[in-house]
Amino acid sequence: MTVTPYDDIVDIGRRCSKLREALGKASDDVRADPSSKYLYMCEVSGERPNPVFLAVTRNKNIRSLDLHNTYLGHRALLPILLTLSLCTWIEYINLQEERLTTTLIELLCEALAGLPRISVIDVSGNPFGSFGVEALLKLVRRRESIVECHVNGVQCVGALSRRLQAACERNARGFHKCEGTEDPRCPVVRNV
-17 MTVTPYDDIV DIGRRCSKLR EALGKASDDV RADPSSKYLY MCEVSGERPN PVFLAVTRNK
43 NIRSLDLHNT YLGHRALLPI LLTLSLCTWI EYINLQEERL TTTLIELLCE ALAGLPRISV
103 IDVSGNPFGS FGVEALLKLV RRRESIVECH VNGVQCVGAL SRRLQAACER NARGFHKCEG
163 TEDPRCPVVR NV
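For the sequence shown, this note's numbering begins at -17 and goes up steadily by one.
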């Protein structure tokens, strides 16, 4: 039996609703702490915690989240995506070749929208298309700290990927104005 994009949306939507509903019943301590929230979400979904993401939730000095080639399934990604918004210290995220669909990209964008330091996103080699790139473009336009967003190997309209690149370049030019200032609106950008 073939899986259609609609099946993906329904399945992920159903699982996401179940996790959010369970989280609503969790204590405030669980909801507020990234590590506790992630472990709780894994328990509810029946997934083993990813050690890389768990380390990031426990250590604010780890500013890069590199999940490239960890072969996470959609079920294992949901607890990560639903916890990510609490990891406000993350500057770089690599989800190359993790089979992210448009639905998962939209959840990723929702999570990253609140991260003040996020500057580099790499979602290259994933099977989402123009709608996913459009979601990333909206994110980059809203979150001026994002200066790089890699979508290599993603099938989308060329003009859309050029607009995404232009938005990142515009954000990067804005960062040069922040250099040497202590303005809290100016996130720290580092080479990754």
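Backbone N, C-alpha and C define an ideal beta-carbon position, used for all residues, glycine too.
Pick from the options that is closest to residue i, judged by C-alpha positions
i: ARG124; options: ALA93, GLY107 and ARG13; result: ALA93
i: LEU82; options: SER67, GLU25, ILE128 and GLY107; result: GLY107
i: ARG99; options: VAL136, THR84, ILE128 and GLY114; result: ILE128
i: GLU126; options: ILE103, VAL136 and ARG144; result: ILE103
i: GLY135; options: ARG(-3), GLU79 and LEU89; result: GLU79
i: ILE(-9); options: GLU25, PHE110, ASN32 and ALA8; result: PHE110
i: LEU47; options: GLY55, CYS24 and ASN76; result: ASN76
i: ASP(-7); options: THR39, THR84, CYS69 and VAL38; result: THR84
i: GLU25; options: GLU88, GLN147, ALA148 and ALA8; result: ALA8
i: ALA4; options: SER27, LEU86 and THR39; result: SER27
i: PRO16; options: GLY6, ARG155 and VAL38; result: VAL38
i: SER101; options: GLY6, LEU54 and ALA149; result: ALA149
Opening and closing residue of the beta strand (DSSP E) in which residue i lies
i: SER46; result: 46 to 48
i: CYS91; result: Per DSSP, CYS91 belongs to no beta strand (DSSP E); it is in the alpha helix (DSSP H), 84 to 94.
i: GLU130; result: 130 to 132
i: ILE62; result: Where ILE62 is concerned, there is no enclosing beta strand (DSSP E), although the alpha helix (DSSP H) it sits in stretches over 56 to 65.
i: TYR74; result: 74 to 76
i: VAL102; result: 102 to 104
Proximal residues to residue i (C-beta, below 7 Å), its chain only, five neighbours per side dropped
i: GLY(-5); result: none
i: VAL12; result: SER18, LYS19 and TYR22
i: ARG45; result: TRP71, ILE72, GLU73 and TYR74
i: SER(-1); result: none
i: GLY96; result: SER67
i: GLU29; result: ARG57, ALA58 and PRO61
i: PRO31; result: TYR20, LEU21 and CYS24
i: VAL115; result: VAL133, VAL136, CYS138, LEU142, SER143 and LEU146
Own chain, CB closer than 8 Å to residue i, minus 5 neighbours either side, in chain order
i: ARG2; result: LEU64
Alpha helix (DSSP H) segment containing residue i, residue limits
i: VAL115; result: 112 to 124
i: LEU36; result: 33 to 40
Contacts around residue i, its chain only, beta-carbon distance under 6 Å, and the 5 residues preceding and following it disregarded
i: SER112; result: CYS138, VAL139 and LEU142
i: PHE181; result: Nothing about residue 181 can be read from this structure; the chain reaches only from -17 to 174.
i: HIS132; result: ASP104 and SER106
i: GLU151; result: none
i: LEU89; result: LEU63
i: ILE87; result: PHE110, GLY114 and ALA117
Check: residue i C-beta below 7 Å from any heavy atom of the ligand NAP
i: ASN51; result: This structure does not include the ligand NAP; it has no bound ligands of any sort.
Taking 8 Å as the threshold, find out whether the segment 56 to 76 comes into contact with the segment 115 to 123 through three or more Cβ pairs.
Fewer than three beta-carbon pairs drawn from the segment 56 to 76 and the segment 115 to 123 are found closer than 8 Å, and the two stretches are therefore not classed as touching.
Uninterrupted beta strand (DSSP E) stretches inside the segment -15 to 18 (no shorter than 3 residues):
none
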